[in-house]
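A.B. asks:
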Amino acid sequence: MAESGDPGEESPQPGVAPDAEKGAPDGRSPRFWLVGGGLVLVVVAIALTLLGSDKPKPDIITLTDTMFLTATEFPVVDGGRYRLSSVITMRDEQDPKCGWGGMVQRGEAGVATDSRDKTMEVLLVVAERKPDLGAFPDCLPDSVHTFDVPGLPSGAVAFSLAGDGEGANLSAFGYVRGVLMRVAVKDRGGAMDQVKADLVTVYNRQADKLDKA
Numbered sequence: 001m002a003e004s005g006d007p008g009e010e011s012p013q014p015g016v017a018p019d020a021e022k023g024a025p026d027g028r029s030p031r032f033w034l035v036g037g038g039l040v041l042v043v044v045a046i047a048l049t050l051l052g053s054d055k056p057k058p059d060i061i062t063l064t065d066t067m068f069l070t071a072t073e074f075p076v077v078d079g080g081r082y083r084l085s086s087v088i089t090m091r092d093e094q095d096p097k098c099g100w101g102g103m104v105q106r107g108e109a110g111v112a113t114d115s116r117d118k119t120m121e122v123l124l125v126v127a128e129r130k131p132d133l134g135a136f137p138d139c140l141p142d143s144v145h146t147f148d149v150p151g152l153p154s155g156a157v158a159f160s161l162a163g164d165g166e167g168a169n170l171s172a173f174g175y176v177r178g179v180l181m182r183v184a185v186k187d188r189g190g191a192m193d194q195v196k197a198d199l200v201t202v203y204n205r206q207a208d209k210l211d212k213a
């Protein structure tokens, strides 16, 4: 039997487990705390990203041609041609009851057949005075019928011009980041269900592009 103090047998130091790595609390290895700490940082980063994504983006104050849908972003129109009317700045003095006026930036993009039997068009406007969408159809020169179109975002107003002889036609107004957007779809020989589907597609694609601008 080895006597106390025999160099062949070392006694553990008081309060330290023989197998514990020095510097690690609760007997866990430093690797555990490094991995755990990294996990906490990842969770915090994800939480901050999610919180930041809920913050609304500021209004667009300068409209540019790059904000419009391109030819490939519109639905395919057989025989259709793409056109872009570049953004211009002008003073518009419409009837004050419509809530429109002052300096206005506006531009248009669309796809249409040469006969204009089928058209898909987008109008974007940044104005000093913004009209109330609920009353805006009443400011148009022709009478209109409003429609409920599933798939359009909340706040968008869809309507059709009455008695214009243009067949199936629908327009939708809405605001995206302060930009007034009008999307108009017409198919003189087409069905209203398809016009509604095209309206929703063009509207949502244009809204998404403005949101990402």
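Taking full-length UniProt numbering, the leading residue of the sequence shown gets 1, the next gets one more, and so forth.
Backbone N, C-alpha and C define an ideal beta-carbon position, used for all residues, glycine too.
#1: In whole angstroms, give me the CA-to-CA distance for Ser182 and Phe173.
#2: What are the boundary residues of the beta strand (DSSP E) that includes Arg91?
#3: Report the CB separation of Val185 from Ala207 in whole angstroms; it is logged as a contact under 8 Å.
#4: Quick check on this structure: which residue in Leu210, Ala112 and Thr89 has the alpha carbon closest to the alpha carbon of Gly101?
#5: Taking the continuous beta strand (DSSP E) assigned at Leu180, which residues delimit it?
#6: With H, G and I counted as helix, E and B as strand and the rest as coil, what does DSSP make of Arg129?
#7: With DSSP run on the structure shown, which of helix, strand or coil describes Ala158?
#8: Tell me the rounded alpha-carbon separation between Asp92 and Val104.
#9: Rounded to a whole number of angstroms, what is the C-alpha to C-alpha distance between Val111 and Ser86?
#10: Please classify Lys57 as buried or exposed, where buried requires at least 16 neighbouring CB atoms within 10 angstroms.
#11: How about Ala109 and Leu152: are their beta carbons less than 7 Å apart?
#12: For the alpha helix (DSSP H) containing Val76, list its first residue and its last residue.
#13: Looking at the structure shown, is Val195 part of a helix, part of a strand, or coil, going by DSSP?
#14: Assuming Phe147 is part of the beta strand (DSSP E), what are its boundary residues?
#15: Per the DSSP calculation, Lys118 is bridged to which residue(s)?
#16: Whole-angstrom Cβ separation of Leu170 and Lys196, contact assumed at under 8 Å?
#17: Taking all protein chains shown into account, do 16 or more other C-beta atoms lie within 10 angstroms of the C-beta of Lys118, making it buried, or fewer, making it exposed?
#18: Please report the distance separating the alpha-carbon of Leu48 from that of Asp198.
#19: Return the CA-CA distance between Ala127 and Gly189, expressed in angstroms with no decimal places.
#20: DSSP state of Leu210, grouped into three classes?
C.D. replies: If we stick to the structure as given:
#1: Residue identity check: residue 182 is Arg in the sequence provided, not Ser. Approximately 5 Å, taken between the alpha carbons.
#2: Arg81 to Asp92
#3: No, Val185 and Ala207 are not in contact; Cβ-Cβ is about 15 Å, not under 8 Å.
#4: When only C-alpha atoms are compared, the closest one is Thr89.
#5: Val179 to Asp187
#6: Look at Arg129 here: in three-state DSSP terms it is strand.
#7: strand
#8: 6 Å
#9: 15 Å
#10: Result: exposed.
#11: no
#12: Note, Val76: premise wrong, no alpha helix (DSSP H); not H, not E.
#13: Helix at Val195.
#14: Val144 to Phe147
#15: Asp187
#16: The C-beta distance from Leu170 to Lys196 rounds to 6 Å, short enough to meet the 8 Å contact threshold.
#17: buried
#18: The predicted model places Leu48 with a pLDDT of 48, which falls under 50 and marks its position as unreliable, so this point remains unresolved.
#19: 35 Å
#20: helix
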